[in-house]
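In terms of the numbering used here, the sequence shown opens at residue 533 and continues consecutively. Note that the Cβ used here is the ideal one computed from N, Cα and C, for glycine as well.
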Amino acid sequence: MEAPETRLSSIFIIPLMQFLVGVCLFVALLNGQRDLTVLGLLVLGIMIGARLWSRVGLSGIRCSSMVDKDKLFPDESLALEASVENAKFLPVWLRMGVPVTGALEPSSGQSGLTGECGLLWYQKARFTWGLVARRRGIYRIGQAHMRAGDLFGFFTKEKSAGAEMQVIVYPRLVPLKPFPLPRRDFFGVPGAKSPVQDPVYILGTRDYQHWRPARHIHWKASAHHNRLQEKVFEPSEQEKVLLALEVSRFERDHASENFEQTLEVVGSLAVQCHQRGYALGFVTNAVVEGGPCILPIGRSLQQVPFILEILARIKMRAEGSLADILYRALELPWGVSCVHFSYEQDGGTPSSAQYFRNKRIPTIFVMGSSPGPCAGDRHTLRGTVYSLDEIRIEGARKP
Numbered sequence: 533m534e535a536p537e538t539r540l541s542s543i544f545i546i547p548l549m550q551f552l553v554g555v556c557l558f559v560a561l562l563n564g565q566r567d568l569t570v571l572g573l574l575v576l577g578i579m580i581g582a583r584l585w586s587r588v589g590l591s592g593i594r595c596s597s598m599v600d601k602d603k604l605f606p607d608e609s610l611a612l613e614a615s616v617e618n619a620k621f622l623p624v625w626l627r628m629g630v631p632v633t634g635a636l637e638p639s640s641g642q643s644g645l646t647g648e649c650g651l652l653w654y655q656k657a658r659f660t661w662g663l664v665a666r667r668r669g670i671y672r673i674g675q676a677h678m679r680a681g682d683l684f685g686f687f688t689k690e691k692s693a694g695a696e697m698q699v700i701v702y703p704r705l706v707p708l709k710p711f712p713l714p715r716r717d718f719f720g721v722p723g724a725k726s727p728v729q730d731p732v733y734i735l736g737t738r739d740y741q742h743w744r745p746a747r748h749i750h751w752k753a754s755a756h757h758n759r760l761q762e763k764v765f766e767p768s769e770q771e772k773v774l775l776a777l778e779v780s781r782f783e784r785d786h787a788s789e790n791f792e793q794t795l796e797v798v799g800s801l802a803v804q805c806h807q808r809g810y811a812l813g814f815v816t817n818a819v820v821e822g823g824p825c826i827l828p829i830g831r832s833l834q835q836v837p838f839i840l841e842i843l844a845r846i847k848m849r850a851e852g853s854l855a856d857i858l859y860r861a862l863e864l865p866w867g868v869s870c871v872h873f874s875y876e877q878d879g880g881t882p883s884s885a886q887y888f889r890n891k892r893i894p895t896i897f898v899m900g901s902s903p904g905p906c907a908g909d910r911h912t913l914r915g916t917v918y919s920l921d922e923i924r925i926e927g928a929r930k931p
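1) I'd like the span of the alpha helix (DSSP H) that includes P882, first residue to last.
2) Starting from P894, trace the beta strand (DSSP E) both ways and give me its first and last residue.
3) Can you name the residues that DSSP bridges to N817?
4) Can you give the beta carbon distance from R871 to L775, rounded, assuming they're within the 8 Å contact cut?
5) In whole angstroms, give me the CA-to-CA distance for M598 and L562.
6) If I measure Cβ to Cβ from S800 and keep anything under 6 Å in the same chain, skipping five residues before and after, which residues do I get?
7) So if DSSP puts A657 in a beta bridge, which residue, or which two residues, is it bridged to?
8) Excluding the 5 residues preceding and the 5 following L760 in the sequence, name in chain order all residues of the same chain whose CB lies nearer than 8 Å to its CB.
9) Rounded to the nearest angstrom, what separates L920 and E792 at their Cα positions?
10) What does the alpha-carbon distance come out to for the pair L610 and S692?
11) With 16 other CB atoms within 10 Å as the buried threshold, where does R924 fall?
12) DSSP state of P837, grouped into three classes?
13) Taking the C-alpha atoms as reference points, what is the distance between R744 and E762?
14) State the beta-bridge partners of Q877 as determined by DSSP.
15) Quick one: grab the DSSP three-state call for E771.
16) Give me whichever residues DSSP pairs with Y918 in a beta bridge.
17) Looking at the secondary structure, which residues open and close the alpha helix (DSSP H) in which W751 lies?
18) Alpha carbon to alpha carbon, how far is R831 from L626?
19) Distance, Cα to Cα, L645 vs A614?
20) Can you check DSSP and say which residues form a bridge with D739?
21) Could you tell me the distance, in whole angstroms, from the CA atom of E922 to the CA atom of L636?
22) Quick check: what's the CA-CA separation for L812 versus E690?
23) I'd like to confirm the pairing. Which residues does DSSP put opposite A693 in its beta bridges?
24) For the ligand SAM, is there a heavy atom less than 7 Å away from the beta-carbon of I593?
25) Report the rounded CA-to-CA distance for V819 versus R672, giving the unit in angstroms.
26) In whole angstroms, what separates the C-alpha of Q593 from that of K601?
27) Give the straight-line distance between the Cα atoms of E876 and L843, rounded to the nearest whole angstrom.
28) So for I593, helix, strand or coil by DSSP?
29) With respect to the beta strand (DSSP E) encompassing C649, which residues constitute its N-terminal and C-terminal limits?
30) If you run the structure through DSSP and keep just helix, strand and coil, what is I925?
Listed below in structure tokens is the structure:
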């Protein structure tokens, strides 16, 4: 945010001018000039009173700020509200500004977030600004910077108040072309902890519960026990998908635009898989500002927001090898499928592919670079390989 312009409120606040007024007053007193004496006393009295007024102007000033939402997508708006209260009997003049960083821009087209008002005794004022998030990232809204003084605005004092805030801008969600994920079985494999019941695996029978579907009634068992019996099914584990992101080649080739497009596809795929009921996990070798680089596979409602927040915090800078993270720090349950994102297959991608082959994990590889003359070499990964353009609908944005 640009600093508000500061202008000279009066020439009489300049020490030299105050000295000259004092000299004029002294001369007027010596020569008995009553009108000039009254004028000099009045000017000096106003200056001295205004200076004392400004010194206590910021005492009793309370300030708080808040945003209506701190997590959003690109091109969405948020409202920043700052409240200030003059909790004393002395009125003050106040100018306020709030610094913002990064791609948060005022929606009104202003160059900065500033406001100005006069506060009477025990009066409150409220400033509201609209901000638009232009791109993915973590942005900070700083403390409110206040400048207060006398009602003439001759002398001012400055201070910062309120708390700093953090705004998380997720990657943009984009529509994806349909492409099959590697799956082992429609119902997965039996698993006692899954809430999804598989009609293939029947554990036994029990007394029929009236709220259960009638199609689950076991008629032979009901006839044998002379009362209605229902089938008890064994739960099954549903599809589990690991999203892996290798950033080494993005960093080396300075492919920032392609990197952002890849993050958009990762986030969109995570939302799509969550809507299908898949369990999700995420791993990357990128630097994650203030967050983890690994999110274990889970099915909670917060799994997708966690993945989107990690994507918002990611920097295009590698921290170690993705293969080392997979071998040392990640434990995968049985039945996992993987979608691996990278810029090209060289670098750390072959090592990660070898890890998934050893674990017998079916993997789809998505390359951020456009297919070139050597696109046939991608088949050496021994898995289905797509380019980013083959799964991303170009020019479309998800509503």
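On the basis of the supplied data:
1) Reading the sequence shown from its first residue, position 350 is the one you call residue 882. Its alpha helix (DSSP H) spans residues T881 to N890.
2) Mapped onto the sequence shown, residue 894 falls at position 362. P894 -> no beta strand (DSSP E), and no H or E assigned at all.
3) For the purposes of this step, residue 817 is taken as the residue at position 285 of the sequence shown. Per DSSP, none; premise fails for N817.
4) Within the sequence shown, the letter at position 339 stands for residue 871. Within the sequence shown, the letter at position 243 stands for residue 775. The question names Arg, but residue 871 is Val in the sequence shown. Going by Cβ atoms, the distance from V871 to L775 rounds to 6 Å, so yes, they are a contact pair.
5) For the purposes of this step, residue 598 is identified with residue 66 of the sequence shown, where counting begins at 1. For the purposes of this step, residue 562 is identified with residue 30 of the sequence shown, where counting begins at 1. Here the C-alpha atom of M598 lies approximately 60 Å from the C-alpha atom of L562.
6) One-based indexing of the sequence shown puts residue 800 at position 268. In its chain, beyond the 5 residues on either side, L705, V706 and L708 have a beta carbon closer than 6 Å to the beta carbon of S800.
7) For the purposes of this step, residue 657 is taken as residue 125 along the sequence shown, with counting starting at 1. Its beta-bridge partners are V616.
8) In the sequence shown, counting from the first residue as 1, residue 760 sits at position 228. The beta carbon of L760 sits closer than 8 Å to those of D739, Y740, I749 and S754, all from its chain and outside the five residues before and after it, given in chain order.
9) On the sequence shown, position 388 is the one that residue 920 refers to. On the sequence shown, position 260 is the one that residue 792 refers to. Straight-line Cα distance between these residues: approximately 11 Å.
10) Indexing the sequence shown from 1 puts residue 610 at position 78. Indexing the sequence shown from 1 puts residue 692 at position 160. Spanning the two alpha carbons is a distance of roughly 22 Å.
11) Within the sequence shown, the letter at position 392 stands for residue 924. Buried: at least 16 other Cβ atoms inside 10 Å.
12) The residue labelled residue 837 in the question sits at position 305 within the sequence shown. If DSSP states are grouped into helix, strand and coil, P837 belongs with the helices.
13) Walking along the sequence shown from the start, residue 744 turns up at place 212. Walking along the sequence shown from the start, residue 762 turns up at place 230. In this structure, the straight-line span from the alpha carbon of R744 to that of E762 is close to 9 Å.
14) Taking the sequence shown and counting its residues from 1, the one referred to as residue 877 is at position 345. Beta-bridge pairing links Q877 to no other residue.
15) Here residue 771 corresponds to residue number 239 of the sequence shown, with the count starting at 1. E771: coil per DSSP, three-state reduction.
16) Your numbering for residue 918 matches position 386 in the sequence shown. Note: Y918 sits in a beta bridge opposite V898.
17) As a working mapping, residue 751 is identified with position 219 in the sequence shown. Start and end: W751 to H757.
18) Numbered from its first residue, the sequence shown carries residue 831 at position 299. Numbered from its first residue, the sequence shown carries residue 626 at position 94. It is roughly 51 Å from the alpha-carbon of R831 to the alpha-carbon of L626.
19) Sequence index remark: in the sequence shown, residue 645 carries index 113 (1-based). Sequence index remark: in the sequence shown, residue 614 carries index 82 (1-based). Each residue's Cα considered, the two are about 10 Å apart.
20) As a working mapping, residue 739 is identified with position 207 in the sequence shown. Per DSSP, the beta-bridge partners of D739 are Q761.
21) The residue you call residue 922 lines up with position 390 of the sequence shown. The residue you call residue 636 lines up with position 104 of the sequence shown. So the alpha carbons of these two residues sit roughly 32 Å apart.
22) For the purposes of this step, residue 812 is identified with residue 280 of the sequence shown, where counting begins at 1. For the purposes of this step, residue 690 is identified with residue 158 of the sequence shown, where counting begins at 1. Here the alpha carbon of L812 sits roughly 50 Å from the alpha carbon of E690.
23) For the purposes of this step, residue 693 is taken as the residue at position 161 of the sequence shown. A676, per the DSSP bridge assignment.
24) Ligands displayed in this structure: none; no statement on the ligand SAM is therefore possible.
25) On the sequence shown, residue 819 is found 287 positions in, with the first residue counted as 1. On the sequence shown, residue 672 is found 140 positions in, with the first residue counted as 1. Rounded to whole angstroms, V819 to R672 spans 19 Å at the Cα level.
26) As a working mapping, residue 593 is identified with position 61 in the sequence shown. As a working mapping, residue 601 is identified with position 69 in the sequence shown. Note on residue identity: the sequence assigns Ile, not Gln, to residue 593. Taking the straight line from one Cα to the other gives about 26 Å.
27) Residue mapping note: residue 876 aligns to position 344 of the sequence shown, counting from 1. Residue mapping note: residue 843 aligns to position 311 of the sequence shown, counting from 1. The straight-line gap from Cα to Cα measures roughly 20 Å.
28) Numbered from 1 along the sequence shown, position 61 holds the residue referred to as residue 593. Secondary structure at I593: strand, using DSSP grouped into helix, strand and coil.
29) Position 117 of the sequence shown, counted from the start, is the residue given in the question as residue 649. For C649, the enclosing beta strand (DSSP E) starts and ends at L645 to L651.
30) Within the sequence shown, residue 925 is the residue found at index 393, counting from 1. Coil, per DSSP.
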